[in-house]
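Numbering (our numbering), first residue to last: 1410 to 1632.
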């Protein structure tokens, strides 16, 4: 089967149309589109380009059933043709990964010696002091969820629906899918074609309620 790899939906419409699907048809996601979702998803930004995200792609029904049992038996886990176990790796902050990032930059000829030396010295210090977060897990999860957000929008642009899920028992998922201790689970992401109509649009608060001008105490007013 030939798959047309041009997005079906533009960026603005993909953002506006994306909804959490609660039930999925059994239709498969074409392999080429799944690859595009994953490849474009990991183009997300991350601090120091450390890319702490990790994804387990679950497609076999036996494994989806096993995952569903760890996720309060939510049906979308068993129904969706693809479920991603979205993880973040705390080892991404270690020197081995820092060196790998430096090599990536060298391969595309964007890494200078001075910046490589800066990364080697500054990144370990940043994670010792961690001025903007309390735990390494908070930092790695923060960046992994950027990639998850990218994936949901890319998926919708190709007509693929999604459902990000927090309802699971992390210890059970880690044991069932051999996830190392240093890797944390951010969410599950079911991907496929919605079988039921979406719930009505729930609305969003106006920007005046959630955006502020210069300080938290001043409302933002745009002309």
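Ideal placement from N, C-alpha and C gives every residue a C-beta, glycine not left out.
Quick caveat, the model's predicted, so the values are computed rather than measured.
Measure the Cβ-Cβ separation of residue 1494 and residue 1557 and say whether it is below 8 angstroms.
Judged by beta-carbon spacing, residue 1557 lies beyond the 8 angstroms limit of residue 1494, meaning their Cβ atoms are not closer than that value.
Please determine, among 1534, 1481, 1418, the residue with the shortest C-alpha to C-alpha distance to residue 1597.
1481
Give me the Cβ distance between residue 1621 and residue 1629, rounded to the nearest whole Å; I'm assuming they're in contact under 8 angstroms.
6 angstroms
Apart from the five residues on each side of it in sequence, which residues of its chain come closer than 8 angstroms, Cβ to Cβ, to residue 1491?
1438, 1443, 1466, 1467, 1468, 1599, 1600, 1601
Rounded C-beta distance between residue 1604 and residue 1434? I'm assuming under 8 angstroms.
About 4 angstroms separates the CB atoms of residue 1604 and residue 1434; that is less than 8 angstroms, so the two are in contact.
Can you give me the start and stop residues for the beta strand (DSSP E) that residue 1599 sits inside?
1592-1601
What is the DSSP secondary structure of residue 1588, reduced to helix, strand or coil?
coil
Between residue 1447 and the rest of its own chain, which residues show a CB-CB distance below 8 angstroms, the 5 nearest in sequence each way excluded?
Taking residue 1447 as the centre and dropping the five residues before and after it, the same chain places the C-beta of 1464, 1466, 1560 closer than 8 angstroms to its C-beta, in chain order.
Kindly provide the ranges of any beta strand (DSSP E) runs that are 3 or more residues long and lie completely inside the stretch 1436-1476, ordered along the chain.
1462-1467
Could you check the C-alpha separation between residue 1623 and residue 1615 for me, to the nearest Å?
18 angstroms
What do you get for residue 1485, buried or exposed, if any count of 16 or more other CB atoms within 10 angstroms of its CB means buried?
buried
Is the CB-CB distance between residue 1549 and residue 1497 below 8 angstroms?
yes
Mind reading off the beta-carbon distance from residue 1423 to residue 1562? Whole number of angstroms is fine, and I expect it under 8 angstroms.
5 angstroms
Which residue comes first and which comes last in the alpha helix (DSSP H) that contains residue 1554?
Segment 1545-1566, the alpha helix (DSSP H) holding residue 1554.
Could you check the C-alpha separation between residue 1474 and residue 1580 for me, to the nearest Å?
17 angstroms
Nearest CA to the CA of residue 1573: which residue from 1500, 1502, 1431, 1420?
Nearest of 1500, 1502, 1431, 1420 to residue 1573, Cα basis: 1431.
Just to confirm the assignment, what range does the alpha helix (DSSP H) spanning residue 1540 have?
Per DSSP, residue 1540 belongs to no alpha helix (DSSP H) and is neither H nor E.
Identify, in the order they occur along the chain, each residue of the same chain with its Cβ nearer than 8 angstroms to the Cβ of residue 1551, setting aside the five sequence neighbours on each side.
The residues are 1542.
Starting from residue 1522, follow its DSSP beta bridges and name the residues at the other end.
According to DSSP, residue 1522 bridges with nothing at all.
Which first and last residues belong to the alpha helix (DSSP H) in which residue 1571 is found?
Element bounds for residue 1571: not the alpha helix (DSSP H) but the beta strand (DSSP E), 1570-1574.
Which of the three DSSP states, helix, strand or coil, is assigned to residue 1631?
coil
Please report how far the alpha carbon of residue 1418 lies from the alpha carbon of residue 1470, in whole angstroms.
29 angstroms
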